[in-house]
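These notes concern the structure reproduced below.
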């Protein structure tokens, strides 16, 4: 519904925004926002307006026909075709209002599969099967969903910041130099581990550091391994309470 039509009706009835608001169960500020198209009136509001002031609901929704019912030929609404058209218009308006309410009341959410465990300790086998699902806001995922992997932490080497059974979201990346210093998921000969990535270009070493001081760093000589791959970096952490 166009807000200008609501304003036109109110002016034709000689009512202030406060007076109109009192008869259709909304506040005056809501009338002002409806008339300027900042918000849409609910279907209940439109029905009350039509009932209380004999306003033509078809005109309210479409701008077609006469403003008030008593100026409209009753024969027009005896036509099955016109009744069906009005029914369709009401259904469409109700669906639009419902979608708008859902959009403002609930954030868009998605379910992310937890694709396995990642070691916070010695490397363990790579992720494969879905072991859990976590629901997150779509707005927190920057970019394509295919760029992210959700895993469950197994171990205590990254405590206290990252705990055993925490769920982590890894954003995939292969850029070793850019991720130096970040907490990363690294695959070593088919197993994966979560550690802080440190690069030693002079000695051509990869050092994977635990945040828990009780665990020794893993010093990786790349030439001693068939498979050394960077999966990505820690993007977000979820902790189930």
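In our numbering, the protein residues as written are 65 to 305.
In this text, a Cβ means the ideal position worked out from N, Cα and C, and glycines have one as well.
Using a 10 Å radius around the Cβ and a threshold of 16 neighbouring Cβ atoms, would you call residue i buried or exposed?
i	result
residue 304	exposed
residue 114	buried
residue 280	exposed
residue 178	buried
residue 138	Bear in mind that the predicted position of residue 138 carries a pLDDT of just 38, short of 50, making it unreliable; the figure below should be weighed with that in mind. Residue 138 should be labelled exposed.
residue 85	buried
residue 82	exposed
residue 266	exposed
residue 272	buried
residue 286	exposed
residue 176	buried
residue 288	exposed
Quick one, are the C-beta atoms of residue i and residue j less than 8 Å apart?
i	j	result
residue 216	residue 229	yes
residue 269	residue 247	no
residue 69	residue 127	yes
residue 109	residue 183	no
residue 198	residue 302	yes
residue 282	residue 259	yes
residue 222	residue 276	yes
residue 185	residue 220	yes
On the DSSP bridge list, what partners appear for residue i?
i	result
residue 257	183 and 250
residue 199	175
residue 90	In the DSSP output, where bridge partners are listed per residue, residue 90 has none listed.
residue 264	269
residue 216	181 and 231
Leaving aside the five residues before and after residue i along the sequence, list all residues of the same chain whose C-beta is less than 7 Å from its C-beta, in chain order.
i	result
residue 244	261, 262 and 263
residue 67	98, 99, 100 and 101
residue 225	275
residue 79	none
residue 90	109
Note down, in chain order, each residue of its chain lying with its Cβ closer than 8 Å to the Cβ of residue i, except the 5 sequence neighbours on either side.
i	result
residue 71	99
residue 236	211, 212, 213, 295 and 296
residue 290	253
residue 88	109, 112, 113 and 116
residue 231	178, 196, 198, 214, 215, 216, 217, 301, 302, 303 and 304
residue 209	174 and 176
residue 77	84 and 117
Between residue i and the rest of its own chain, which residues show a CB-CB distance below 6 Å, the 5 nearest in sequence each way excluded?
i	result
residue 240	294
residue 133	118 and 120
Legend entry - Meets three-Cβ-pair contact criterion under 8 Å: the region 247-256 and the region 288-301: Short answer: they touch.
Inset, instruction - Could you tell me whether the region 118-126 touches the region 83-102, using the rule of 3 or more Cβ pairs below 8 Å? - result: With a cut-off of 8 Å on Cβ pairs, the region 118-126 is not in contact with the region 83-102, counting fewer than three such pairs.
Inset, instruction - Determine, using beta-carbon pairs with one atom in the region 198-207 and one in the region 171-180, whether at least three such pairs fall under 8 Å. - result: Contact between the region 198-207 and the region 171-180 is present, because at least three Cβ pairs lie under 8 Å.
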